Amino acid sequence: MPTTRKTQVKLPRRFGDLVALMAPQAIMDEVHYDNAVDMIDQLMAINTLSKGQELYLETWVQLVSAYEANHHAIDTSDLTGIDLLSELLAQNDMNASDLARLLGVHASMGSKILKGERALTIEHLRKLTERFLVKPDVFMS
Numbered sequence: 000m001p002t003t004r005k006t007q008v009k010l011p012r013r014f015g016d017l018v019a020l021m022a023p024q025a026i027m028d029e030v031h032y033d034n035a036v037d038m039i040d041q042l043m044a045i046n047t048l049s050k051g052q053e054l055y056l057e058t059w060v061q062l063v064s065a066y067e068a069n070h071h072a073i074d075t076s077d078l079t080g081i082d083l084l085s086e087l088l089a090q091n092d093m094n095a096s097d098l099a100r101l102l103g104v105h106a107s108m109g110s111k112i113l114k115g116e117r118a119l120t121i122e123h124l125r126k127l128t129e130r131f132l133v134k135p136d137v138f139m140s
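The numbering of the sequence shown is numbering that gives the first Met the number 0, which starts it at 0 and goes up by one.
This is the structure in structure tokens:
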């Protein structure tokens with residue numbers, strides 16, 4: 000089965016030139032969403048972004064995030080904080096021992112936290128939010 004490969008276009012460095020190429024606007028459908036994600040991917044492939052490229056990238060990231068929040072949201076209402084923590088650990092190839100090291104606690108505590116036998120402290124929440132870039136309330140349920 001043949002595959003297609005997108006050619007990498009050299010993107011302009013100035014914000015105005017980037018806007019002329021593809022003007023940022025609210026994303027209304029999946030085609031526009033796919034185009035926006037492609038643009039983000041192209042910008043992310045650049046080693047050193049200009050100020051204009053950084054601003055343009057941030058604009059598209061915000062627009063894509065807003066669209067995803069409304070159209071690609073995952074219902075996590077039935078998950079507990081421990082479920083979400085377990086999933087974050089799995090996604091990052093981490094286990095209970097890694098969790099204990101991250102939190103700066105005895106090795107056995109990682110397992111106890113994941114079993115719900117020990118609660119997370121405020122300091123634990125701070126470390127988890129820094130490591131996984133999530134809000135602390137995702138772990139509070």
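Glycine included, C-beta positions come from ideal geometry on N, C-alpha and C. Given the structure is predicted, the values throughout are model-derived calculations rather than measurements.
For residue 89, does the three-state DSSP call read helix, strand or coil? Counting from one through the sequence shown, the residue named residue 89 turns up at place 90. In the structure shown, residue 89 sits in a helix (DSSP, three-state: H, G or I).
In the DSSP assignment, the alpha helix (DSSP H) including residue 67 goes from what residue to what residue? The sequence position of residue 67 within the sequence shown is 68, counting from 1. Element bounds for residue 67: 50–70.
Whole-angstrom distance between residue 32 and residue 42, CA atom to CA atom: On the sequence shown, position 43 is the one that residue 42 refers to. On the sequence shown, position 33 is the one that residue 32 refers to. Distance between the alpha carbons of residue 42 and residue 32: 15 Å.
Expressed to the nearest angstrom, what Euclidean distance is found between the alpha-carbon atoms of residue 34 and residue 98? Position 35 of the sequence shown, counted from the start, is the residue given in the question as residue 34. Position 99 of the sequence shown, counted from the start, is the residue given in the question as residue 98. Going from the Cα of residue 34 to the Cα of residue 98 covers about 37 Å.
Closer than 8 Å is the cut-off here; do at least three beta carbon pairs connect the region 101–115 with the region 57–64? no
Leaving out five residues on either side along the sequence, give the residues of the same chain with a beta carbon under 8 Å from the beta carbon of residue 48. Taking the sequence shown and counting its residues from 1, one reaches residue 48 at position 49. Once the five neighbours on either side are set aside, the close Cβ partners of residue 48 are 42 and 56.
Assign residue 3 to one of two classes, buried (16 or more other C-beta atoms within 10 Å of its C-beta) or exposed (fewer than that). Numbered from its first residue, the sequence shown carries residue 3 at position 4. Caution is warranted here: a pLDDT of 46 is assigned to residue 3, below 50, making its placement in the model unreliable, and the coordinate value is therefore given only provisionally. By the 10 Å Cβ count, residue 3 comes out exposed.
Within the continuous alpha helix (DSSP H) that includes residue 131, where are the two ends? Taking the sequence shown and counting its residues from 1, one reaches residue 131 at position 132. Unbroken alpha helix (DSSP H) run through residue 131: 121–131.
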